[in-house]
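> With the numbering used here applied, the first sequence corresponds to residues 16 to 495, in that order. Each residue gets a CB set at the ideal place from its N, CA and C atoms; glycine is no exception. None of the values given here were measured: they were computed from a predicted structure.
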Amino acid sequence: MSDQKLTPQSEDFNEWYNAVVLRTDLADYGPTRGTMIIKPYGWTLWENIKAQLDKRFKATGHVNAGFPMFIPENFLTKEAQHVEGFAPELAVVTVGGAKELEEPLVVRPTSETMIGHAYAKWIKSYRDLPLLINLWNSVVRWELRTKLFLRTTEFWWQEGHTAHATAEEGEFETRQMLDVYVDFARNEAAIPVIPGRKTESEKFAGADTTYTIEAMMKDRKALQSGTSHNLGQNFAKAFDIQYLDQNNEQQYCWTTSWGLSTRFIGAIIMTHGDDHGLVLPPRLAPHQVVIVPIYRKDKEKEVVMEAVERLNKELIAADIRVKVDRREGLTPGFKYNDWEMRGVPVRLEVGPRDVKKDSCALARRDVPGRDGKVFVPQADIAATVQDLLDSIQAAMLEKATNFRDENIVDVASYDELKTVIAEGKWARAWWAGNSEEEKAIKDETGATTRCYPFDQPEGAGDCVYTGRPATEAVLFAKAY
RNA sequence: CGGGGUGUAGCGCAGUUGGUAGCGCACCGCUUUUGGGAAGCGGGGGUCCUCAGUUCGAGUCUGAGCACCCCGACCA
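Quick look at the structure:
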């Protein structure tokens with residue numbers, strides 16, 4: 016339960032974040048370093064995220080499956096880039112059933128290799144393609160520095176894995192699934208992500224191309240919130256995923272993978288949260304409406320609760336996720352603050368005075384305090400609340416979009432880039448540099464390339480760092 | 001894995017020259033309260049991070065170990 020005020024974001028964003036996660040009961044620390052217990056409130060949010068994504072995956076022809084958590088160690092070594100990328104962060108099991116294992120087992124950091132093994136067995140002919148499978152699971156990466164939701168040793172996610180007959184189909188799939196993430200982020204989470212392509216140095220280990228959605232947090236740091244990889248034929252060759260084409264010739268498949276994790280909860284927290292706590296987008300919030308009854312004596316309680324139950328039923332009947340706060344011994348004022356901290360989009364208050372007037376109070380979370388409170392008739396409450404939820408959802412997206420746009424600056428020189436980054440903003444610049452030059456910029460400014468955004472400026476220009484002719488602009492920002 | 005810091009009730013902390021552990025919040029009970037973070041009274045809760053040492057006696061002194069946090073390097 017909540018007690019005192021939170022540290023304001025402006026004072027210490029990091030402390031604000033940790034306190035919000037713990038005090039709103041989204042998550043807790045696990046007993047071993049870097050692990051996270053996702054509590055029911057956080058898990059319900061994750062379930063709502065899952066439902067929206069899963070719906071979109073099914074609509075694009077994908078099916079779910081379950082794959083083993085233990086991967087034979089030699090699988091990881093088959094794709095050169097992949098091993099190099101993941102070797103430092105693997106958890107390895109060497110003992111099973113009290114006996115030393117013949118071959119150590121890697122706890123999956125991601126399932127490309129296990130999928131490669133299976134797809135090689137399953138795919139024989141062009142008739143078996145495309146193969147479109149998604150996994151909902153958890154993976155383990157031995158991170159050195161962890162933070163709840165953003166980077167934990169074990170995290171939950173979905174990983175899609177597909178195999179196709181042609182390069183074009185593979186690329187189409189990779190882009191299509193990034194579009195799914197963009198649509199989900201914007202329309203369900205009210206997060207105006209920027210889709211784009213990663214530079215060479217920021218690519219997934221083993222991918223030809225990595226696409227990303229980048230989100231701007233309230234401290235203006237960037238958060239990579241979902242990725243989609245075109246794996247080309249790299250894994251197909253490493254795992255011998257071949258099919259016989261119409262001409263009776265063996266061909267290597269073209270594979271993709273794409274993932275979005277519980278990190279996205281961190282994106283929601285840091286995109287919308289304010290000094291009062293969480294602000295959850297109505298479409299994903301575990302509770303869309305909380306009803307707080309107000310009464311003093313038993314006689315008041317009786318009439319108030321009668322109205323509360325009636326309103327509750329009407330909202331449930333309209334498929335609105337509603338919770339009645341029936342806790343005794345807490346003042347209404349306490350409950351207002353409590354649910355505000357937990358980010359519930361709409362609070363509905365009913366007291367004796369409302370009962371007399373057939374009214375109730377509606378408070379919208381995106382406008383905290385008394386300012387966001389209006390009195391409305393009880394009649395047609397479901398329609399009134401639904402309108403309010405829609406309007407909150409839209410307002411949150413608009414606010415986040417404005418914030419994002421105000422904090423991205425086009426820069427024409429390296430000096431300008433340094434200034435903009437030092438101000439905490441993102442810089443968009445013409446770019447024709449290589450990985451070493453990216454590294455140099457990171458060392459000097461702390462900023463990394465986030466992506467070549469799909470939304471590009473007109474024309475061409477000179478690279479902000481090297482002065483070489485550039486045809487693409489890249490986004491620089493400090494990132495989580 | 002480097003540099004710094006911290007380990008005492010669920011959380012935040014105090015604990016004097018070494019003398020047998022306390023405060024606030026939270027929790028439980030009762031009473032009065034309840035339209036923007038209520039109050040009184042009564043209660044429960046501790047391997048003082050671990051191990052070893054010094055001492056009649058260690059939360060306090062010594063040594064070793066462990067864990068966590070912050071800052072860097074590495075990463076969804």
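Nearest by alpha-carbon distance to R190: which of G241, A237, D234 is it?
The residue given as residue 190 occupies position 175 in the first sequence. It is G241 whose Cα lies nearest to the Cα of R190.
> Please look up how many angstroms separate the CB atoms of H291 and M356, rounded, as I've assumed it's under 8 Å.
Taking the first sequence and counting its residues from 1, one reaches residue 291 at position 276. Taking the first sequence and counting its residues from 1, one reaches residue 356 at position 341. So it is a contact: roughly 6 Å between Cβ atoms.
> Taking DSSP as the reference, what is the three-state secondary structure of K136?
Taking the first sequence and counting its residues from 1, the one referred to as residue 136 is at position 121. Residue state, collapsed to three classes: helix.
> Could you spell out the range, first to last residue, of the alpha helix (DSSP H) harbouring S450?
Residue mapping note: residue 450 aligns to position 435 of the first sequence, counting from 1. Unbroken alpha helix (DSSP H) run through S450: 450-460.
> Quick check: what's the CA-CA separation for D255 versus T271?
In the first sequence, the residue the question calls residue 255 occupies position 240. In the first sequence, the residue the question calls residue 271 occupies position 256. Spanning the two alpha carbons is a distance of roughly 15 Å.
> Kindly indicate which three-state DSSP category R201 falls into: helix, strand or coil?
Reading the first sequence from its first residue, position 186 is the one you call residue 201. In the structure shown, R201 sits in a helix (DSSP, three-state: H, G or I).
> When the distance is taken between beta carbons, is A444 closer than 7 Å to V426?
To locate residue 426, count along the first sequence from 1; it is residue 411. To locate residue 444, count along the first sequence from 1; it is residue 429. Contact: yes.
> Using 8 Å as the threshold, is the region 441-461 in touch with the region 207-226, meaning 3 or more CB pairs across them?
At 8 Å Cβ cutoff, the stretches touch.
> Return the chain-ordered list of same chain residues with a C-beta closer than 8 Å to the C-beta of L259, the five sequence neighbours on each side being excluded.
Within the first sequence, the letter at position 244 stands for residue 259. So the qualifying residues of the chain are K139, S140, Y141, Q265, Q266.
> Determine the DSSP secondary structure at S374, reduced to helix, strand or coil.
Along the first sequence, one-based indexing puts residue 374 at 359. Residue state, collapsed to three classes: strand.
> Taking Cβ to Cβ, would you say I86 is nearer than 7 Å to V108?
As a working note, residue 86 is residue 71 in the first sequence. As a working note, residue 108 is residue 93 in the first sequence. In this structure, V108 does not lie closer than 7 Å to I86 by Cβ.
> Since D430 is in the alpha helix (DSSP H), which residue starts that stretch and which ends it?
Counting from one through the first sequence, the residue named residue 430 turns up at place 415. Run containing D430: 429-437, per the alpha helix (DSSP H) assignment.
> Mapping DSSP to helix, strand and coil, what is Q239?
For the purposes of this step, residue 239 is identified with residue 224 of the first sequence, where counting begins at 1. Strand.
> Would you identify the three-state DSSP class for E99, choosing helix, strand or coil?
Taking the first residue of the first sequence as 1, we reach residue 99 at position 84. Helix, per DSSP.
> With contact counted as at least three CB pairs below 8 Å, one residue from each stretch, are the region 69-86 and the region 42-53 in contact?
With a cut-off of 8 Å, the region 42-53 and the region 69-86 do not count as touching, because too few Cβ pairs lie within range.
> Tell me the rounded alpha-carbon separation between G221 and Q303.
For the purposes of this step, residue 221 is identified with residue 206 of the first sequence, where counting begins at 1. For the purposes of this step, residue 303 is identified with residue 288 of the first sequence, where counting begins at 1. Their Cα atoms are separated by approximately 41 Å.
> Going by DSSP in three states, F82 sits in which element: helix, strand or coil?
The residue you call residue 82 lines up with position 67 of the first sequence. Coil, per DSSP.
> Whole angstroms is fine: what's the gap from D402's alpha carbon to Y351's?
As a first step, residue 402 is located in the first sequence; it is residue number 387 there, counting from the start. As a first step, residue 351 is located in the first sequence; it is residue number 336 there, counting from the start. The straight-line gap from Cα to Cα measures roughly 21 Å.
> In terms of residues, what are the limits of the alpha helix (DSSP H) holding A220?
To locate residue 220, count along the first sequence from 1; it is residue 205. Here A220 belongs to no alpha helix (DSSP H), and DSSP marks it neither H nor E.
> Is there contact between the region 170-187 and the region 401-419, where contact requires at least three CB pairs shorter than 8 Å?
Output reads no: the region 401-419 does not touch the region 170-187.
> Is DSSP giving N262 helix, strand or coil here?
As a first step, residue 262 must be located in the first sequence, where it is residue number 247. Coil at N262, not helix or strand.
> Do the region 274-288 and the region 164-172 make contact, defined as three or more Cβ pairs closer than 8 Å?
The region 274-288 is in contact with the region 164-172.
> Could you tell me how far apart the beta carbons of N245 and G185 are, in whole angstroms, since I believe they sit closer than 8 Å?
For the purposes of this step, residue 245 is taken as the residue at position 230 of the first sequence. For the purposes of this step, residue 185 is taken as the residue at position 170 of the first sequence. That belief holds up - the Cβ atoms of N245 and G185 are roughly 6 Å apart, short of 8 Å.
> Are there 16 or more other CB atoms within 10 angstroms of the CB of T39, so buried, or fewer, so exposed?
Here the question's residue 39 lines up with position 24 in the first sequence. Its Cβ being crowded by 16 or more others within 10 Å, T39 is buried.
> Report the rounded CA-to-CA distance for T92 versus E183, giving the unit in angstroms.
Position 77 of the first sequence, counted from the first residue, corresponds to residue 92. Position 168 of the first sequence, counted from the first residue, corresponds to residue 183. Looking at the two C-alpha atoms, the distance is approximately 28 Å.
> Using a threshold of 7 Å, state whether the C-beta atoms of P296 and A205 are closer than that.
Walking along the first sequence from the start, residue 296 turns up at place 281. Walking along the first sequence from the start, residue 205 turns up at place 190. Yes, the Cβ-Cβ distance between P296 and A205 is below 7 Å.
> Would you decide whether V435 is buried or exposed? Buried here means 16 or more other CB atoms lie within 10 Å of its CB.
For the purposes of this step, residue 435 is taken as the residue at position 420 of the first sequence. Buried, because 16 or more other Cβ atoms sit within 10 Å of the Cβ of V435.
> Starting from R342 and walking both ways along the beta strand (DSSP E), at which residues does that stretch end?
Your numbering for residue 342 matches position 327 in the first sequence. First-last for R342: undefined, no H or E at that position.
> Using DSSP's beta-bridge definition, name the partner residues of T498.
Because the chain here runs from 16 to 495, residue 498 falls outside it and cannot be looked at.
> Tell me, which residues are paired with N245 by DSSP?
As a first step, residue 245 is located in the first sequence; it is residue number 230 there, counting from the start. N245 is bridged to T224, T271.
> For the beta strand (DSSP E) holding F390, just list the boundary residues, first then last.
In the first sequence, the residue the question calls residue 390 occupies position 375. Unbroken beta strand (DSSP E) run through F390: 388-392.
> When the Cα atoms are used, what is the spatial distance from R385 to W354?
Residue numbering aside, residue 385 sits at position 370 when the first sequence is read from its first letter. Residue numbering aside, residue 354 sits at position 339 when the first sequence is read from its first letter. If I take the Cα positions, the gap works out to 14 Å.
> Which residue from R201, N29, S126, F199 puts its Cα closest to that of S153?
The residue given as residue 153 occupies position 138 in the first sequence. Ranking R201, N29, S126, F199 by Cα distance to S153 puts S126 first.
> Applying the 10 Å Cβ sphere with the 16-neighbour rule, what's the burial state of N63?
As a first step, residue 63 is located in the first sequence; it is residue number 48 there, counting from the start. Buried, by the Cβ-count rule.
> Please classify Q257: is it buried, with 16 or more other beta-carbons within 10 angstroms of its beta-carbon, or exposed?
Start at 1 with the first residue of the first sequence, and residue 257 comes out as number 242. So Q257 ends up on the buried side.
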